[in-house]
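Here is the structure we will look at, set down as structure tokens.
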Amino acid sequence: MYIFKLAFRNILGAGLRTWLNVVALSFSFVAIIFLQGIYTGMNDQVEQATIDAFYGGGQFWEKSYDPYDPLTLDDAHAPLPASLEDLVKSGQAAPLLIRPAAIYPEGRFRTILLKGIAPQQNVLSIPSSLLKDGEGLIPALIGTRMAKSTGLHKGDELTIQWRDAHGTFDARTVVIADIVRTSVQEIDNGQVWIPLDQLQSLSAMPGHATMVVLKRNTQPPAMLQGWEFRSLDYLLQDLHAVVRSKRIGGSILYLVLLFLAMLAIFDTQVLSIFRRKKEMGTLMALGMTRWSIIELFTLEGGLHGILAACVAALYGIPLLGYIARTGWELPGAADTVGFAIGEKLFPTYSAGLIVGTTVLVLLVTTIVSFLPTRKIAQLKPTDALRGKMS
Amino acid sequence: MAPRTHSTTPETKNSTLIRTENLDKIYPLGLNTLKALNHVNLSISKGEFLGLVGPSGSGKTTLLNIIGSLDSPTSGSAEVLGRKIESLSHNDAARLRNKHIGFIFQTYNLLPVYTVFENVEFPLLLLGIDSSLRKIRVMDALEWVGLADRADSKPAQLSGGQSQRVAIARAIVKRPELVLADEPTANLDAENSHHIMKTMQQLNKDLATTFVFATHDEKVIGYVRRKISLVDGRIEKDEKQPRR
Ligand SMILES: Nc1ncnc2c1ncn2[C@@H]1O[C@H](COP(=O)(O)OP(=O)(O)OP(=O)(O)O)[C@@H](O)[C@H]1O
Ligand SMILES: [Mg+2]
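Protein chains in written order, with this note's numbering: chain A, 153 to 542; chain B, 4 to 247.
Below is the structure:
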């Protein structure tokens, strides 16, 4: 116990140097928690937005539909079974028809997915009500990414070409009714949204749909002939896999931050063991064993971590709390992160994240503090007293 | 470990505290070796006030370090307070120093971040003595050296003489049987040298603590009651001196 007291006296006695280390370490503390919080918050937000905009409470897929195989799209359409039709009528579900098509923005050929959605639906957050008839032209919605990659603006006209149910090529001009600011790639990239009934009639597929999206928390009807139910969990699998793979990238940043902080501690520790030879000799002459001295120096290093946790709490809790309340703006960073994000990011700090980071930082600080002290184990008292390296 | 009494009774006054037999210390020196101590045979009794003198390089520090269990002999034997230095483990040696031996160094070796009080308290912390008793003992020790009023100062705020007196207080606060002092006056002026020698002389008288000095300072030599002269690692003379 006395060693704890001595260690405390020593590092407080070291003054400025201690506080520089403590402050540096506390920055890492706060930065790690902040970044992980941002990261978790971002994933939560993307997940929520994707659910709201596209996944809903799960989807029924026409049996031949396979999102990874565009060739299946030709046949992936069928009239709604009665039970789904009922859900749609009661506003509990929204049918979507998906057709392959081509556009020629700026004269270049590009394949797209033409998606039909009922303008009056309120199952998904897509602002389908913007699909109002405009002067005889079919109104269309596209996302911000799609607008960027095609150079299209609100009010632009666009020719879309597709094949109808009989395999006949047909073309129509649509007008971009609006550009949807969205964070969800699933409703944006390579897609053009038009009113469902128009797509059905143009394709000669009246009453057909490729999928039916249930409203959140709607009980799915039992097995339906020719339709496959994909639960929300199933739909989120891909997103979770992406999050997992990105998490490795996130951890690298985490480790780099930790490493930089540890470098400061390690450096202090090596320096103090080098400079405080004579002090160690004195401690030995006063009757401390080498192991007690190792303990003392390790504890001194480790206490930096504890002080840093306290200092980090001092400014970190108000700071991170403030950001969690008001959100964090990430201008333009969306695409570099690979996720599209909403206007503002709200970090999520879990207790596990905070406790885990604290334990990790304390553990690593202690280990890093211990490593250079092993030299002391070979130190001869007489050499130490003369301030000599051994 | 046999319990030892800290006070010295008349019967034990002449009992042997330190005994060396054919003590050799050989250092490697390039391809050769250097004999820093050469067959040193020495016996020191409780309560002595003794000086190891001799020219630079004669082996004073080496002998003092071995007696203090900071170093071990190459051959021969050194028995201190009934323990054979050559066969002590590192931890046993630390315990011996902790409980029974006080050190005073030429450069004081105070811990700079601690106050005077905390420096003197240090050996008692190691011994696990509780705080109220520690306070009494530390203040006692500071009284002995005349620095009770500087308890809250930091070493950097003290003069050399004051620093060395703090070091003396630290060495004697645990009432050790033996205090070893290597050139305690080398960094002090004459007045301060006399002052600290008088302090130690008084402690020797009052507490019957045995003092062994390594020095070539004539002022120190004037105080010691037994003078052992070393030359090239050998004892050349062993003289008693009258008390001053
Ligand atoms: N660690 C060491 N390695 C090699 N040689 C050493 C070592 N320590 C001391 N010596 C040598 O042993 C001899 C005795 O040294 P010691 O320090 O005991 O002398 P001293 O009498 O204390 O001298 P001084 O009055 O200068 O302090 C010297 O020749 C010294 O160079
Ligand atoms: Mg010497």
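Think of the CB as a built atom: it goes at the ideal place given N, C-alpha and C, for glycine as much as any other residue.
Inset, instruction - At 9 Å on the CB atoms, spell out the chain A contacts of residue 155/B, in chain order. - result: The residue given as residue 155/B occupies position 152 in the second sequence. For a Cβ distance threshold of 9 Å, nothing in chain A lies close to residue 155/B: the least Cβ distance comes to about 14 Å.
Legend entry - Beta-carbon neighbours of residue 125/B, restricted to chain A and to distances below 7 Å: Walking along the second sequence from the start, residue 125/B turns up at place 122. Residues of chain A passing the Cβ test: 438.
Inset, instruction - Would you list the residues whose beta-carbon is nearer than 7 Å to any heavy atom of ligand 2, in the order they occur in the chain? - result: Neighbourhood of ligand 2, defined by CB distance below 7 Å to any of its heavy atoms: 63/B, 64/B, 185/B, 186/B and 217/B, in chain order.
Inset, instruction - Ignore the nearest five residues each way along the sequence and tell me which others in residue 236/B's own chain have a CB closer than 6 Å to its CB. - result: By 1-based counting over the second sequence, the position of residue 236/B is 233. Excluding sequence positions up to five before and after residue 236/B, its CB lies within less than 6 Å of the CB of 38, 39, 40, 41 and 62, all in the same chain and listed in chain order.
Legend entry - Proximal chain B residues relative to residue 447/A, where beta-carbon distance stays under 9 Å: Position 295 of the first sequence holds residue 447/A. The CB of residue 447/A never comes closer than 9 Å to any CB in chain B; the least such distance is about 13 Å.
Legend entry - Interface partners of residue 165/A on chain B, CB under 8 Å: Translated into positions along the first sequence, residue 165/A becomes position 13. Identification of chain B residues near residue 165/A by a Cβ-Cβ cut-off of 8 Å yields 115, 116 and 117, ordered along the chain.
Legend entry - Residue from 497/A, 539/A and 531/A whose Cα sits closest to the Cα of residue 197/A: Here residue 197/A refers to the residue found at position 45 when the first sequence is read from its first residue. By alpha-carbon distance to residue 197/A, the top candidate from 497/A, 539/A and 531/A is 497/A.
Legend entry - residue 164/B: CB within 7 Å of a non-hydrogen atom of ligand 1: Within the second sequence, numbered from 1, the residue matching residue 164/B stands at position 161. No, the Cβ of residue 164/B stays beyond 7 Å of every heavy atom of ligand 1.
Legend entry - Buried or exposed (CB count within 10 angstroms, at least 16 for buried), residue 234/A: Mapped onto the first sequence, residue 234/A falls at position 82. Residue 234/A is exposed by the Cβ-count criterion.
Inset, instruction - Could you work out which residues of chain A lie near residue 120/B, taking near to mean beta carbons separated by less than 7 Å? - result: Sequence index remark: in the second sequence, residue 120/B carries index 117 (1-based). In chain order: nothing, as chain A lies at least about 12 Å away.
Inset, instruction - Just the chain A side, please: which residues come within less than 9 Å of residue 98/B by C-beta, in chain order? - result: Residue numbering aside, residue 98/B sits at position 95 when the second sequence is read from its first letter. In chain order: 439 and 441.
Legend entry - Below-8 Å beta-carbon distance, residue 434/A vs any chain B residue: Stepping through the first sequence from its first residue, residue 434/A is reached at position 282. For residue 434/A, a Cβ of chain B is located within less than 8 Å of the residue's own Cβ.
Legend entry - residue 240/B in three-state terms, based on DSSP: Against the second sequence, residue 240/B aligns to sequence position 237. Looking at residue 240/B - three-state DSSP - the assignment turns out to be strand.
Inset, instruction - Write down the C-beta distance between residue 354/A and residue 324/A rounded to the nearest angstrom, noting that I regard them as a contact closer than 8 Å. - result: As a position in the first sequence, residue 354/A is number 202, starting the count at 1. As a position in the first sequence, residue 324/A is number 172, starting the count at 1. Residue 354/A to residue 324/A, Cβ: 6 Å. Contact.
Inset, instruction - Note down, in chain order, every chain B residue with its Cβ under 7 Å from the Cβ of residue 430/A. - result: Counting from one through the first sequence, the residue named residue 430/A turns up at place 278. Ordered by position in chain B, the residues that pass the 7 Å Cβ test against residue 430/A are 112.
Inset, instruction - With a threshold of 16 other CB atoms inside 10 Å of the CB of residue 491/A, please say whether the residue is buried or exposed. - result: Translated into positions along the first sequence, residue 491/A becomes position 339. With a pLDDT of 44 at residue 491/A, under the threshold of 50, the predicted position of this residue should be treated as unreliable, and no value is reported.
Legend entry - Cβ-based burial, residue 320/A [other Cβ within 10 Å; buried from 16]: Mapped onto the first sequence, residue 320/A falls at position 168. Classification of residue 320/A: exposed, given that the 10 Å Cβ count is below 16.
Inset, instruction - Inspect the beta-carbon positions of residue 333/A and residue 296/A and report whether they are closer than 8 Å. - result: On the first sequence, residue 333/A is found 181 positions in, with the first residue counted as 1. On the first sequence, residue 296/A is found 144 positions in, with the first residue counted as 1. Yes, the Cβ-Cβ distance between residue 333/A and residue 296/A is below 8 Å.
Inset, instruction - Taking all protein chains shown into account, decide if residue 220/A is buried (16 or more other Cβ within 10 angstroms of its Cβ) or exposed. - result: Translated into positions along the first sequence, residue 220/A becomes position 68. Classification of residue 220/A: exposed, given that the 10 Å Cβ count is below 16.
Legend entry - Boundaries of the beta strand (DSSP E) in which residue 30/B is found, first to last residue: The residue given as residue 30/B occupies position 27 in the second sequence. Residue 30/B: member of the beta strand (DSSP E) spanning 19-32, first to last residue.
Legend entry - For residue 185/B, three-class secondary structure by DSSP: Stepping through the second sequence from its first residue, residue 185/B is reached at position 182. Of the three classes helix, strand and coil, the one that applies to residue 185/B here is strand, per DSSP.
Legend entry - Under 8 Å (Cβ pairs) to chain A, residues found in the segment 39-70 of chain B: Result list: 68.
Legend entry - Burial state of residue 208/A, where buried means 16 or more other Cβ atoms lie within 10 Å: Along the first sequence, one-based indexing puts residue 208/A at 56. So residue 208/A counts as buried.
Legend entry - Residues bridged to residue 253/A [DSSP beta-bridge criterion]: Mapped onto the first sequence, residue 253/A falls at position 101. 264/A and 314/A.
Legend entry - Min CB distance residue 27/B to chain A below 8 Å: Start at 1 with the first residue of the second sequence, and residue 27/B comes out as number 24. For residue 27/B, the answer is no, since every Cβ of chain A falls outside 8 Å of its Cβ.
Legend entry - Minimum Cβ-Cβ distance from residue 509/A to chain B less than 8 Å: What you label residue 509/A is simply residue 357 of the first sequence in a count that begins at 1. For residue 509/A, the answer is no, since every Cβ of chain B falls outside 8 Å of its Cβ.
Legend entry - Identity of the residues DSSP links to residue 36/B by a beta bridge: On the second sequence, position 33 is the one that residue 36/B refers to. Per DSSP, 31/B.
Inset, instruction - Taking only heavy atoms of ligand 1 into account, decide whether any of them is closer than 7 Å to the Cβ of residue 59/B. - result: Numbered from 1 along the second sequence, position 56 holds the residue referred to as residue 59/B. Yes - ligand 1 has a heavy atom lying nearer than 7 Å to the Cβ of residue 59/B.
Inset, instruction - Spell out whether any CB of chain A is found under 8 Å from the CB atom of residue 74/B. - result: In the second sequence, the residue the question calls residue 74/B occupies position 71. Contact of residue 74/B with chain A is assigned, a C-beta pair being separated by under 8 Å.
Inset, instruction - Using a Cβ-Cβ cut-off of less than 9 Å, give me the residues of the segment 503-534 of chain A that come near chain B, in sequence order. - result: Within the segment 503-534 of chain A, the qualifying residues are 532, 533 and 534.
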